[in-house]
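Residue numbers (the working numbering), protein chains in the order written: chain A, -12 to 140; chain B, 141 to 305. Glycine is no exception: its CB is placed at the ideal position from the N, C-alpha and C atoms. Note that this is a predicted model, so its numbers are computed, not measured. Structure first, then comments.
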Amino acid sequence: MGNPKVDDIDRKILNIIQSDFPITSRPFKVVGERVGLSEQEVIQRVQAMRCSGVIRRIGGSFDSKKLGFWSTLCAAKVPPERVEEFNRVINHYPGVTHNYTRNHPYNIWFTFIGENRQEVERALEEISLRTGVREILSLPAKRTFKIRVNFEL
Amino acid sequence: MVRILPMRKVLFIGEEERAVIRALQGDIPICERPFQVIGERLGIPEERLISIVQRMKDSGIIRRFGATLRHQQVGYRANAMSAWRVPPGKVEEVGRILAALPQVTHCYEREVSVEWPYNIYAMIHCKDEKACEEIARRISRRTGINDYLLLFSSHENKKESMQYF
């Protein structure tokens, strides 16, 4: 399953540091105690997984709403021959954090985070003007049922 | 684990906390004492930094602290965004059913518009597309909701963490 370079011990480490990363002076020592490895061995394994790309990053994921930001999910109907240009334009905005091509006439799906609703909606109008793509849906969340970004391995 | 999140309010973020957020929204160093290294850069003693991070975690400003994986590389190769057209009276029930599934990582109720009637969204992660389709069929049978879309991603055009401050 998946990357053959990730063994069972790596999986154990990943399960811990995804959801329960120790907020303490020597986090990898604590992880080592839980999986039966030395601090140095854990650090080496985690560094190797960071280098190979299994780990994208280690850090904080913030609640944008609590920080006072406003976010939405957008879907745009972009003609295939203009997808590249459209992506170039929208990816340039720092508030566009995720952008995927999906199998639907609304083919470009992206998230947009900004200081407030007005700023984001203005940016979407600007995108529409600059790219000529008129059909862009903005689907802000009304309610969150679940956010879980760790994967059981 | 299913969490139904309550309405959240905006918290005041001071200068020191902003500096900490700037340091943690990227990638922390993988070394013996990462918080000491970051603290040195910020001019905040290690112990104090650790207590700020813990406090931000407790208050929910930090939703999660730890490693983010490239899920394609650990066996979850297919991801589908499912969009469901759910009558207003069934939103709560359907939202809870979706949220309880381990393959569902994100689930939201979203605003609708005239041209777009789908109101419930769930991200489904599976080993392959067939497994995603099977889950969606199961959800449909269980909830009685037949009007849904299963949108597979064919290309990742951008994925970054938000740089807040």
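Could you tell me whether the Cβ atoms of residue i and residue j are closer together than 8 Å?
{"i": "Ile190/B", "j": "Leu151/B", "result": "no"}
{"i": "Ala125/A", "j": "Leu111/A", "result": "Ala is not the amino acid found at residue 125/A; the sequence shown has Ser there. Their beta carbons are under 8 Å apart, which means Ser125/A touches Leu111/A by this criterion."}
{"i": "Ile3/A", "j": "Lys197/B", "result": "no"}
{"i": "Ile285/B", "j": "Val226/B", "result": "yes"}
{"i": "Ile45/A", "j": "Arg203/B", "result": "no"}
{"i": "Val214/B", "j": "Thr283/B", "result": "no"}
{"i": "Leu290/B", "j": "Ala276/B", "result": "yes"}
{"i": "Phe138/A", "j": "Tyr261/B", "result": "no"}
{"i": "Pro170/B", "j": "Ile178/B", "result": "The sequence shown places Ile at residue 170/B, not Pro. In this structure, Ile178/B does not lie closer than 8 Å to Ile170/B by Cβ."}
{"i": "Leu209/B", "j": "Leu1/A", "result": "yes"}
{"i": "Phe56/A", "j": "Tyr304/B", "result": "yes"}
Kindly give me the distance between the Cβ atoms of residue i and residue j, rounded to whole angstroms, as I take these residues to be in contact under 8 Å.
{"i": "Asn74/A", "j": "Asn86/A", "result": "7 Å"}
{"i": "Thr84/A", "j": "Ile100/A", "result": "6 Å"}
Shortest alpha-carbon distance to residue i belongs to which of the options?
{"i": "Ile42/A", "options": "Phe305/B, Gly166/B, Tyr288/B, Ser294/B", "result": "Gly166/B"}
{"i": "Ala128/A", "options": "Tyr258/B, Ala218/B, Arg278/B, Thr208/B", "result": "Tyr258/B"}
{"i": "Met302/B", "options": "Arg109/A, Pro92/A, Glu106/A, Tyr80/A", "result": "Tyr80/A"}
{"i": "Lys53/A", "options": "Asp268/B, Gly183/B, Ile161/B", "result": "Ile161/B"}
{"i": "Ile95/A", "options": "Asn297/B, Pro185/B, Ile237/B, Glu157/B", "result": "Asn297/B"}
Around the Cβ of residue i, are there at least 16 other Cβ atoms within 10 angstroms (buried) or fewer (exposed)?
{"i": "Gly206/B", "result": "buried"}
{"i": "Cys38/A", "result": "exposed"}
{"i": "Asp(-3)/A", "result": "buried"}
{"i": "Lys(-8)/A", "result": "exposed"}
{"i": "Glu255/B", "result": "exposed"}
{"i": "Glu20/A", "result": "exposed"}
{"i": "Asn182/A", "result": "Residue 182/A falls outside the range modelled here, since chain A spans only -12 to 140, and no answer is possible."}
{"i": "Gln5/A", "result": "buried"}
{"i": "Gly82/A", "result": "buried"}
{"i": "Phe8/A", "result": "buried"}
{"i": "Asp205/A", "result": "There is no way to answer for residue 205/A, as the model of chain A reaches only from -12 to 140."}
{"i": "Arg121/A", "result": "exposed"}
{"i": "Arg32/A", "result": "buried"}
{"i": "Thr131/A", "result": "buried"}
{"i": "Glu180/B", "result": "exposed"}
{"i": "Glu155/B", "result": "exposed"}
Taking Cβ-Cβ distances shorter than 9 Å, what residues in chain E pair up with residue i?
{"i": "Lys298/B", "result": "Protein chains A and B are contained in the structure displayed, whereas chain E is not."}
ask   = Just by C-beta distance, which residues in the region 203 to 217 of chain B are closer than 7 Å to chain A?
value = Arg203, Arg204, Phe205, Gly206, Ala207, Thr208, Leu209, Arg210, His211, Gln213, Val214, Gly215, Tyr216
ask   = Which residues, in chain order, does the region 242 to 253 of chain B contribute to contact with chain A at a C-beta distance below 9 Å?
value = Pro242, Val244, Thr245, His246, Cys247, Tyr248, Glu249, Arg250, Glu251, Val252, Ser253
query = Taking any Cβ of chain A, which residues in the region 264 to 297 of chain B have a Cβ under 8 Å from it, in chain order?
reply = Answer in chain order: His265, Lys267, Leu289, Leu291, Phe292, Ser293, Ser294, His295, Glu296, Asn297.
request  = Return the residues of the region 176 to 189 of chain B that lie within a Cβ-Cβ distance of less than 9 Å from chain A, sorted by chain order.
outcome  = Gln176, Glu186, Glu187
query = When Cβ atoms are compared, which residues of the region 48 to 69 of chain A fall closer than 9 Å to chain B?
reply = Ser48, Phe49, Asp50, Ser51, Lys52, Lys53, Leu54, Gly55, Phe56, Ser58, Thr59, Leu60, Ala62
key: Under 8 Å (Cβ pairs) to chain A, residues found in the region 146 to 171 of chain B   = Arg148, Lys149, Val150, Leu151, Ile153, Ile161, Leu164, Gln165, Gly166, Asp167, Ile168, Ile170, Cys171
inquiry  = Tell me which residues of the region 3 to 31 of chain A have at least one Cβ-Cβ distance to chain B shorter than 8 Å, keeping chain order.
reply    = Contact annotation: in the region 3 to 31 of chain A, residues whose CB is within less than 8 Å of a CB in chain B are Ile4, Gln5, Ser6, Asp7, Phe8, Ile10, Thr11, Ser12, Arg13, Pro14, Phe15, Lys16, Glu26, Ile30.
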